[in-house]
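Q:
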Amino acid sequence: MKELSVLSLICSCFYPETRNKLEHEFEDMEVKPINKRASGQAFEVILKPVTPVSDVAHNFPSPPKRDISLDDIEKKLEAAEDRRKYQEAQVLRALAEKREHERDVLLKAMEENSNFSKMAEEKLQMKMEQIKENRDAHLAAMLERLQEKERHAALVRKNKELREELTA
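Residue numbers (the working numbering): 1 to 168.
(1) Look up K65 in the DSSP assignment and say whether it is helix, strand or coil.
(2) Can you grab the Cα-Cα spacing for the pair R163 / E148, in whole Å?
(3) What are the boundary residues of the alpha helix (DSSP H) that includes A79?
(4) Give the DSSP-derived three-state secondary structure of P33 in the structure shown.
(5) Suppose contacts are defined by Cβ-Cβ distances below 8 Å. Is Q41 in contact with P33 by that definition?
(6) Roughly how many angstroms separate the alpha carbons of K127 and N134, rounded to a whole number?
(7) Please report the distance separating the alpha-carbon of L146 from that of E111.
(8) Using C-beta distances below 7 Å, list every residue in its chain close to F43, excluding the 5 sequence neighbours before and after it, in chain order.
(9) In angstroms with no decimal places, state the Cα-to-Cα distance between L47 and S62.
(10) How many angstroms separate the CA atom of L166 from the CA atom of E150?
(11) Excluding the five sequence neighbours on either side, which residues of its own chain have a C-beta within less than 8 Å of the C-beta of A89, listed in chain order?
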């Protein structure tokens, strides 16, 4: 059966002369218009029964058989063995490359991890040094204020003693 495009089928509804042409062109199909509707054309496609195709057209003669010698069989077996070995070598090569890639990835990950650990340790060391310096500076400032208060207290005591001596 020949194929009929949807566009051709739709055109056949709008143009009756094309429809007649299609009926003659496709003998195994018939297009019948149905009552015209408000939304547009309606039609029915009727397929005619398929004619049986003779089996003779499908029977192709087989090529003549040639005699196969022992040498031909051995050559084919050797070629098959070579192909198998080549394919096996390809698989082994691919596995070796994959293993090499995995090893490279692991080495890189270990190196990055080591670098990260070193950086983290250095940052921690610097932070601890900064904290120690800040603590020492804070303690020194507190001692300075304490000494200042002691001097001030000694001065106040001295002034008090001088006043008591003057008033006595």
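The C-beta atom is built at its ideal place from N, Cα and C for all residues, glycine as well.
All of these numbers come straight from a predicted model, not from anything done at the bench.
A: Walking through what the data contain:
(1) coil
(2) 23 Å
(3) L70 to T167
(4) strand
(5) yes
(6) 10 Å
(7) 52 Å
(8) C13, V31, K32, P33 and I34
(9) 36 Å
(10) 24 Å
(11) none
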